[in-house]
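Take a look at the structure set out below.
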Amino acid sequence: MSALSEIYLDLHQHPELAGAEVRTAGIVSAALTAAGYTVTERIGGYGVVGVLTNGDGPVVWLRADMDALPVREETGLDYASTVTAVDADGDTVPVAHACGHDMHVTALIGAAQQLADSTADWSGTVVAIFQPAEEDLSGARAMVDDGLLDRVPRPSVVLGQHVAPGPAGMLFYHPGYTLSASDALEITLFGRGGHGSRPEATVDPIVMAAAVILRLQTIVGREVAATDQAVVTVGVVEAGTKNNIIPETATLKLSVRTFDPVVREKVLAAIDRIVRAEAAASGAPREPEIVTLYSGPATYNDAGALDTVLGAFNKQFAGRVMEIPAGTGSEDFGQFGAAAAAPAVYWFLGGADPQLFAPPADLFQVLAEIPSNHSPEYAPVIEPTLTMGVSALVTAARAWLAP
Ligand SMILES: [Zn+2]
Ligand SMILES: [Zn+2]
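Yeah, the sequence shown ends on 390 if you go by the numbering used here, and it's all consecutive.
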């Protein structure tokens, strides 16, 4: 077993929740230091950055995320996580790398090592960024807010990858908007509580919430053009304690997904307008409160930068690079390129057993049936995922780093 796969197994068996990546950051820091990188720790929480300057040339940022999820691993693997941790609410929860970020960390460590071992072949600067707290879309922002751009050389390009349920050994990409922007909102509607038998003496926030929920459905149906894309989901409705009490408040939690920033602004403005208007229509005694719990920009592949990466990928990995449709999942990778006003490229790394896709199996049929990221049953096969993950990062970085 290679030293790199030992690191993977170690990370997989010691997953840490978003914002608690202290052990993972220590492993990253030690590996980067050993490879000759200048390391800065604790940027935006447990963020770690390694810089390797090797003459003149472009500055390439390579990014991996480090956090795991509150999921009980049910992969049946002999190296499955049995870890529990106390979450931000004080609850003890199982923890697993159900999104594969342990693979991202290991692949970036491997790529950083390979680039450090081949400095005679390239010129420029490599910046390896290990961000905390991707799952709540806060880590990239936290690193930027903690002065990342002033603490390391500014990027010519930002590169990142995510393991996905495609066949291991393959790479997948989408031009332009690759992953959606995500906005999580919490809406509190204020009524006036009272006895369930005397609605005339109350303002019922439950009826108000019901009207809001239905009207919100008209945003995608009636306000977003058929050629644009958006999702507005009400995932939480909370109100009331007893059948004969009209409560004081109702709370809704929304997940909003969009691609185009213009559509994003339009959808968010429509939500604000509808919530306030329905509250007014109900005679609410107080304006509703609308709080953004977290948000992340869309992941966008710059056309020119993607061409550069694809040119290198198609040469190095002929026949193993495939275009796929955009996804409605979200990432905070886009924060780095946006903050630095630099182009970014983000691709997917197949992580599923290639045997599952052997002919005559249909690729998309298999994809629909196998566990995907965030499932308790999700884990990539270690090889060839890891080797491809390292090679993809090195190949993409070298497309910029002049010989
Ligand atoms: Zn995830
Ligand atoms: Zn992820």
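For glycine and all other residues, C-beta sits at the position ideal for the given N, C-alpha and C.
In the structure shown, residue 246 adopts coil according to DSSP, grouped into three states. Around residue 304, the same chain offers 158 as residues with beta carbons nearer than 7 Å, after the five sequence neighbours per side are excluded. In the three-state reduction of the DSSP assignment, residue 342 falls in the helix class. Where residue 323 is concerned, the enclosing alpha helix (DSSP H) starts and stops at 321 to 327. The secondary-structure analysis by DSSP pairs residue 387 with nothing; it has no beta-bridge partner.
The segment 312 to 331 and the segment 345 to 354 do not touch, with fewer than three beta-carbon pairs separated by less than 8 Å.
Taking 8 Å as the upper bound for CB-CB distance, residue 338 and residue 381 are not in contact here, some 18 Å apart. In this structure, residue 4 sits away from residue 67, with a CB-CB distance that is not shorter than 8 Å. Within the same chain, Cβ atoms closer than 8 Å to the Cβ of residue 184 are found at 231, the five residues on either side in sequence being excluded. Burial check for residue 84: the Cβ neighbour count within 10 Å reaches 16 or more, so the residue is buried. Residue 129 has its alpha-carbon roughly 26 Å from the corresponding atom of residue 383. Closest in alpha carbon position to residue 154, among 362, 108, 354, 297, is 354. Within 7 Å of the C-beta of residue 88 there is at least one heavy atom belonging to ligand 2. Proximity of the segment 291 to 306 to the segment 97 to 110 falls short of the contact definition, fewer than three beta-carbon pairs being nearer than 8 Å. Around the beta-carbon of residue 99, 16 or more other beta-carbon atoms lie within 10 Å, marking it buried.
Annotation for residue 52 indicates a beta carbon within 7 Å of some heavy atom of ligand 2. According to the DSSP secondary-structure assignment, residue 288 is paired through a beta bridge with 163. With a contact defined as Cβ atoms closer than 8 Å, residue 150 and residue 372 qualify at about 6 Å. Proximity of the beta carbon of residue 28 to ligand 1 is not indicated: no heavy atom of the ligand is located closer than 7 Å. Nearest neighbour of residue 193 by Cα position, chosen from 176, 268, 247, 206, turns out to be 176. In the structure shown, residue 38 falls within a strand segment according to DSSP collapsed to helix, strand and coil.
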